[in-house]
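K.L.:
Below you will find the structure I want to go over with you.
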Amino acid sequence: MALNNSINLHECLELVTRLSRQAGKLIKTRINQKKMIETKASSIDFVTETDQEVEKMLIEGIKHKYPTHKFIGEESFAAGIKENLTNEPTWVIDPVDGTTNFVHGYPNVCISIGLVIDCEAQLGVIFNPILDMFYRAIKGEGAFLNDEPIHVSNSKCLKDSLVSIEYGSVRTDEFRSIVNHNVTYLNKNAHGIRSGGSAAWNLAMVAKGACDLYVEMGLHAWDMAAGNIIVKEAGGVIIDPAGCEFELMNRRILAAASKELADEIYPNLKQYFPEHD
Ligand code: LIP
478 MALNNSINLH
488 ECLELVTRLS
498 RQAGKLIKTR
508 INQKKMIETK
518 ASSIDFVTET
528 DQEVEKMLIE
538 GIKHKYPTHK
548 FIGEESFAAG
558 IKENLTNEPT
568 WVIDPVDGTT
578 NFVHGYPNVC
588 ISIGLVIDCE
598 AQLGVIFNPI
608 LDMFYRAIKG
618 EGAFLNDEPI
628 HVSNSKCLKD
638 SLVSIEYGSV
648 RTDEFRSIVN
658 HNVTYLNKNA
668 HGIRSGGSAA
678 WNLAMVAKGA
688 CDLYVEMGLH
698 AWDMAAGNII
708 VKEAGGVIID
718 PAGCEFELMN
728 RRILAAASKE
738 LADEIYPNLK
748 QYFPEHD
């Protein structure tokens, strides 16, 4: 499908599928090896050489074909390359989403790539190379896992739901008490709670119907650029956890299998509004 007269989303998908599979080999080889770890925004916000290498590989590969496109990448951002989101075609990339999992050899590790045009994701790819799960979506064309169509569950209320929440990498007392409040509320009412350690993974689980809701405040655009379109294309709902419209740069997301479920939950959440990147 041609967009903006020049962007063929199928060609974009083909390119990032090839690049992710190539980069995935590196992640799979390295996951059980010893890693050099550095920290970023907090003492438990990790980066490894693999995050940096994979991001470089992906950005170079995409730039080669689309030299005028813009990039917002987790590791480029950490290195001081701060690009604002504009209406221009922008690739929003997390080379290793679930870096803490990667460091420990825990298999919820995903490459997450979203193509955002006019501030809205048009294409998303989430690849877990350890488990060989490749999720993808193009706006208006549905969502797929390893070429099979996927759909969110039909859960409409919390008492019938499995939900995900993350503990994040912020370590302030305020943040911890907000997360604890929300965990307690969900735990009282849901079938169960999961914490996958990767936003992309959690979003893929909602899209696949394996989990009914995921909420997190304090994450970044690169954690959710791909996942938000995959969930929507799988029939799910994406909102801001305060009940308003989702904004990619606001660092907050609530993904649900249905509007009824999202509407039941968000008024009961304690809110955390992180600073913008
Ligand atoms: C992670 C997110 C996760 C969040 C972590 C971290 P990273 O991304 O996927 O949802 O809770 O704090 O931001 O750093 O592994 O790419």
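Residue numbers for the sequence shown follow the working numbering, so the first one is 478 and each next one is one higher. Every residue, glycine too, gets a C-beta built ideally from N, C-alpha and C.
1) Rounded to whole angstroms, how far is the Cβ of N509 from the Cβ of G582, which I believe are closer than 8 Å?
2) With respect to 7 Å, is the separation between the Cβ of A684 and the closest non-hydrogen atom of ligand 1 below this value?
3) Does the beta carbon of D717 fall short of 7 Å from some heavy atom of ligand 1?
4) Cα separation between E552 and Q529?
5) What is the DSSP secondary structure of A719, counted as helix, strand or coil?
6) Closest to A719 by C-alpha separation, out of N745, E488, K736, would be which residue?
7) Can you tell me whether A479 is helix, strand or coil according to DSSP?
8) For A614, which residues does DSSP report across the bridge?
9) Does DSSP classify I549 as helix, strand or coil?
10) Within 10 angstroms of its Cβ, does F750 collect 16 or more other Cβ (buried), or is it exposed?
11) Report all residues from its chain with a CB closer than 8 Å to the CB of I521; omit the five preceding and five following residues, and keep chain order.
12) Within the same chain, show all residues whose beta-carbon is closer than 7 Å to that of L685, passing over the 5 residues directly before and after it, in chain order.
13) Which partner residues does S589 have in the DSSP bridge list?
14) Enumerated in chain order, which unbroken segments of the alpha helix (DSSP H) with a length of 4 residues or greater are wholly contained in the segment 667-696?
15) Quick check on the burial criterion: 16 or more other C-beta atoms within 10 angstroms. Buried or exposed for D700?
16) Based on DSSP bridge pairs, tell me the residues matched to A732.
17) Name, in chain order, the residues that DSSP records as bridge partners for T516.
18) What three-state label does DSSP hand N485 in the structure shown?
P.N.:
In brief:
1) 6 Å
2) Incorrect: A684 has no Cβ contact closer than 7 Å to ligand 1.
3) no
4) 6 Å
5) coil
6) N745
7) The predicted position of A479 is uncertain, since its pLDDT is 43 and thus under 50; no value can be drawn from it.
8) Residue pairing for A614: DSSP places it in a beta bridge opposite G601, A620.
9) The three-state secondary structure of I549, taken from DSSP, is strand.
10) Burial state of F750 is exposed, judged by a 10 Å Cβ sphere holding fewer than 16 other Cβ atoms.
11) T577, S646, R648
12) In the sequence as presented, Leu is not what sits at residue 685; that position holds Lys. Same-chain partners within the cutoff: L622, I627.
13) D571, I603
14) 676-685
15) Looking at its Cβ environment, which holds 16 or more other Cβ atoms inside 10 Å, D700 is buried.
16) Y691, I715
17) F523
18) strand
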